[in-house]
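Novice: When you read off a place in the sequence shown, starting at 1, and then add 53, the result is the number in this note's numbering. C-beta atoms are modelled at their ideal positions from N, C-alpha and C, and glycine is treated no differently.
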Amino acid sequence: MLLERLRPMMAPDGTAGRYAHGNQLFSYCSLDRERLKAIELPYPLVGIMLRGRKEVWLGDTAHFFEPGAVFVLPARVPMDVVNIPAGPTSSYESLLLEVPALPGGMAPLMGGEKTSMREGDRQFRVPLYPDLVHTLVHAARAIASEALGEAVKAVRLMEVLTLLRPIAAARPLFEASLPEEVAWLIGSAPSEDWTVERVADRLGLGASTLRRRLAAKGTSFRNVLRTERLRAGQTALAAGASSHAAAEAAGYASRSHFARRYRESFGQSPSGRRSR
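(1) Quick check: the Cα distance between Ser144 and Ser83, rounded to an integer number of angstroms?
(2) Is it buried or exposed for Asn136, if we count other Cβ within 10 angstroms and need 16 for buried?
(3) Would you be able to state if there are at least three C-beta pairs under 8 Å between the stretch 145-162 and the stretch 93-113?
(4) If you follow the beta strand (DSSP E) that Trp110 is in, where does it begin and where does it stop?
(5) Excluding the five sequence neighbours on either side, which residues of its own chain have a C-beta within less than 8 Å of the C-beta of Glu126, listed in chain order?
(6) For Leu35, I'd like the list of residues in its chain whose CB is within less than 6 Å of its CB, leaving aside the five on either flank, ordered along the chain.
(7) Out of Phe227, Phe117, Gly70, which one is the CA nearest neighbour of Tyr6?
(8) Alpha carbon to alpha carbon, what distance is there between Phe124 and Glu212?
(9) Give every residue of the same chain whose Cβ lies closer than 7 Å to the Cβ of Ala260, excluding the five residues on either side of it in the sequence, and list them in chain order.
(10) Alpha carbon to alpha carbon, what distance is there between Gln321 and His117?
(11) Between the alpha carbons of Leu56 and Arg88, how many angstroms are there, rounded?
(12) Please go through the stretch 241-298 and give each complete alpha helix (DSSP H) segment of 4 or more residues, from N-terminal end onward.
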């Protein structure tokens, strides 16, 4: 059912390489059997096999995909990939959607949601059911449409990710670095009283471990906290809030303190940003 409904989106016969459908959505086609050794994707992606067969090798473990199969591949994991055309006169084709970042409002995997997984235990195939098939088709058509706005396309992507989130094979779409996890947590409620201890507890870490691991990533809790709070203030100002309201939204008790930090980061006062 999925394959038949996506057939109109197939690239023209004879296409080789990428065939763009929309933002981050494209077909990858090959006229000949090809083996891509030790490739590392820049972003995780959702793939749907349209023609031919695909093999993904992690060490000695192989994963096989046929037309109609849905899979998720992780970013920054070395893999050998074999793309096999359907036959002497037919090509290989997969429909691919890169996910560079999660949409606003969707949390990455954090705390107890994260469990360690050996590379040989990874599963890439996504089990299908009617609601997911329907949502995948609607999202692909929407993202490829020139008639629909970006807001509608973002909603369709969010719908797909919401259904994929509980599925183990889709976990690479929701993985984030520790600084990104901390940033999301603070950004979800920037006006709250965030401390190292509170954030560490939410992430299932000790406070000293959180500090050490952030330092290893070249940042600190203070830097992440300041960045996310100022971003919240900037968003509030852009929406027409007063400097006082923006300071409150950003978690600053002192409007002058907020104004000073804002000027240091953005080169102008909050009132100057609001008057633009």
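Specialist: Taking the structure as given:
(1) Each residue's alpha carbon lies about 6 Å from the other.
(2) buried
(3) yes
(4) 106-111
(5) The residue you asked about is not Glu; residue 126 is Leu in the sequence shown. Only Leu94, Pro97, Leu98, Gly100, Val109, Met132, Phe177, Pro225 meet the Cβ criterion.
(6) Lying before the first or after the last residue shown, residue 35 is absent from the chain, which here runs from 54 to 329.
(7) For the chain, the structure presents residues 54 to 329; residue 6 sits outside this window and is missing.
(8) 17 Å
(9) Val249, Glu250, Ala253
(10) This sequence places Phe at residue 117; His is not what is there. The alpha-carbon atoms of Phe117 and Gln321 are separated by roughly 55 Å.
(11) Cα to Cα, the separation comes out at about 24 Å.
(12) 249-256, 260-269, 274-291
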